[in-house]
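Order-wise, the sequence lines are chains F and X.
Numbering-wise, the first sequence is residues 4 to 114 according to my numbering.
Numbering-wise, the second sequence is residues 197 to 312 according to my numbering.
Glycine residues also receive a C-beta, built at the ideal position from the N, C-alpha and C atoms.
Computed from a prediction, not measured in an experiment: that's the story for all the values here.
Okay, structure first, notes after.
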Amino acid sequence: QKEVEQNSGPLSVPEGAIASLNCTYSDRGSQSFFWYRQYSGKSPELIMSIYSNGDKEDGRFTAQLNKASQYVSLLIRDSQPSDSATYLCAVWASDTDKLIFGTGTRLQVFP
Amino acid sequence: GAVVSQHPSRVICKSGTSVKIECRSLDFQATTMFWYRQFPKQSLMLMATSNEGSKATYEQGVEKDKFLINHASLTLSTLTVTSAHPEDSSFYICSARSSGNTDEQYFGPGTRLTVT
Numbered sequence: 004q005k006e007v008e009q010n011s012g013p014l015s016v017p018e019g020a021i022a023s024l025n026c027t028y029s030d031r032g033s034q035s036f037f038w039y040r041q042y043s044g045k046s047p048e049l050i051m052s053i054y055s056n057g058d059k060e061d062g063r064f065t066a067q068l069n070k071a072s073q074y075v076s077l078l079i080r081d082s083q084p085s086d087s088a089t090y091l092c093a094v095w096a097s098d099t100d101k102l103i104f105g106t107g108t109r110l111q112v113f114p
Numbered sequence: 197g198a199v200v201s202q203h204p205s206r207v208i209c210k211s212g213t214s215v216k217i218e219c220r221s222l223d224f225q226a227t228t229m230f231w232y233r234q235f236p237k238q239s240l241m242l243m244a245t246s247n248e249g250s251k252a253t254y255e256q257g258v259e260k261d262k263f264l265i266n267h268a269s270l271t272l273s274t275l276t277v278t279s280a281h282p283e284d285s286s287f288y289i290c291s292a293r294s295s296g297n298t299d300e301q302y303f304g305p306g307t308r309l310t311v312t
């Protein structure tokens, strides 16, 4: 069974710091990787997608992918209290044509 | 970014009645839509995958006769919860996958169903 693993947290960081969120996956054939942010009581919002090894930057967010290690991470620079949410790592399972989600990491940014 | 809407956002119904939830992709065509359910403080649970013009594929343990899914066009999918019971109370979220080349999937805002 394909799995996506995340530390549930909470990960607590001070305002202005870098938050580092990590994810590992089991399916070596996966080619598409995503990070979603979900505020309490709301639906997930896509914040990053990454398909190639290396880093992809978008504003304060950087996604990192290492397919050999089956590892995806999300860095949030200059963390703000408004970044406090649950971050879901998702991996596209090409054989079943659906997203496999991790259970999410809860991030708390304190002033 | 791509926008997906859901209607209604909240619904309260009596036990035994049916409820229909609509999911629309507003600015793109979605060949595939997905229906999820999420209970408080739990992970997203995929219920079914819906492809335009064909029957939905249900996940193991999801009753297809209770959760009716129709994907009539490239921009609209509906989920009908039939003969709802209090244990069906949950947050129902749809998502849509663009017919383009990426695997990106965009979520609607969700529908909170309460069955009394």
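Whole-angstrom distance between Cys-92 (chain F) and Tyr-232 (chain X), CA atom to CA atom: On the second sequence, residue 232 (chain X) is found 36 positions in, with the first residue counted as 1. On the first sequence, residue 92 (chain F) is found 89 positions in, with the first residue counted as 1. Their Cα atoms are separated by approximately 16 Å.
Give the interface partners of Phe-303 (chain X) over in chain F, defined as CB-CB distance under 8 Å, in chain order. For the purposes of this step, residue 303 (chain X) is taken as the residue at position 107 of the second sequence. Ordered by position in chain F, the residues that pass the 8 Å Cβ test against Phe-303 (chain X) are Tyr-39, Ser-46, Pro-47, Glu-48, Leu-49.
Using the rule of at least 16 other Cβ atoms within 10 Å of the residue's Cβ for burial, across every protein chain shown, is Val-199 (chain X) buried or exposed? For the purposes of this step, residue 199 (chain X) is taken as residue 3 along the second sequence, with counting starting at 1. Looking at its Cβ environment, which holds fewer than 16 other Cβ atoms inside 10 Å, Val-199 (chain X) is exposed.
Under 7 Å from the C-beta of Asp-299 (chain X): neighbouring residues of chain F: For this step, residue 299 (chain X) is matched to residue 103 along the second sequence. Chain F residues near Asp-299 (chain X): Ser-35, Trp-95.
Excluding five sequence neighbours on each side, which residues of the same chain lie with their C-beta closer than 7 Å to the C-beta of Met-241 (chain X)? Here residue 241 (chain X) is taken as the residue at index 45 of the second sequence, counted from 1. The residues are Tyr-232, Arg-233, Gln-234.
Just how far apart, CA to CA, sit Ile-21 (chain F) and Tyr-42 (chain F)? Numbered from 1 along the first sequence, position 18 holds the residue referred to as residue 21 (chain F). Numbered from 1 along the first sequence, position 39 holds the residue referred to as residue 42 (chain F). Distance between the alpha carbons of Ile-21 (chain F) and Tyr-42 (chain F): 19 Å.
Residue burial classification, Asp-261 (chain X) (beta-carbon count within 10 angstroms, cutoff 16): The count along the second sequence starts at 1 and reaches residue 261 (chain X) at position 65. Classification of Asp-261 (chain X): exposed, given that the 10 Å Cβ count is below 16.
Kindly indicate which residue of F:Arg-109, F:Asn-69, F:Leu-110, F:Thr-108 has the alpha-carbon position closest to the one of Gly-32 (chain F). If you number the first sequence from 1, residue 32 (chain F) lands on position 29. When only C-alpha atoms are compared, the closest one is F:Asn-69.
DSSP bridge partner residues for Asp-58 (chain F) (one or two, in chain order): Residue mapping note: residue 58 (chain F) aligns to position 55 of the first sequence, counting from 1. Bridge partners of Asp-58 (chain F): F:Gln-67.
Distance CB(Ser-82 (chain F))-CB(Tyr-54 (chain F)) smaller than 7 Å: Numbered from its first residue, the first sequence carries residue 82 (chain F) at position 79. Numbered from its first residue, the first sequence carries residue 54 (chain F) at position 51. Contact: no.
Taking the beta strand (DSSP E) that Ala-268 (chain X) falls in, what are its first and last residues? Stepping through the second sequence from its first residue, residue 268 (chain X) is reached at position 72. Per DSSP, Ala-268 (chain X) belongs to the beta strand (DSSP E) from 263 to 269.
With DSSP collapsed to three states, give me the class of Glu-283 (chain X). Here residue 283 (chain X) is taken as the residue at index 87 of the second sequence, counted from 1. Helix.
Cross-chain neighbours of Thr-245 (chain X) in chain F, by beta carbon under 8 Å: Within the second sequence, the letter at position 49 stands for residue 245 (chain X). Asp-100, Lys-101, listed in chain order.
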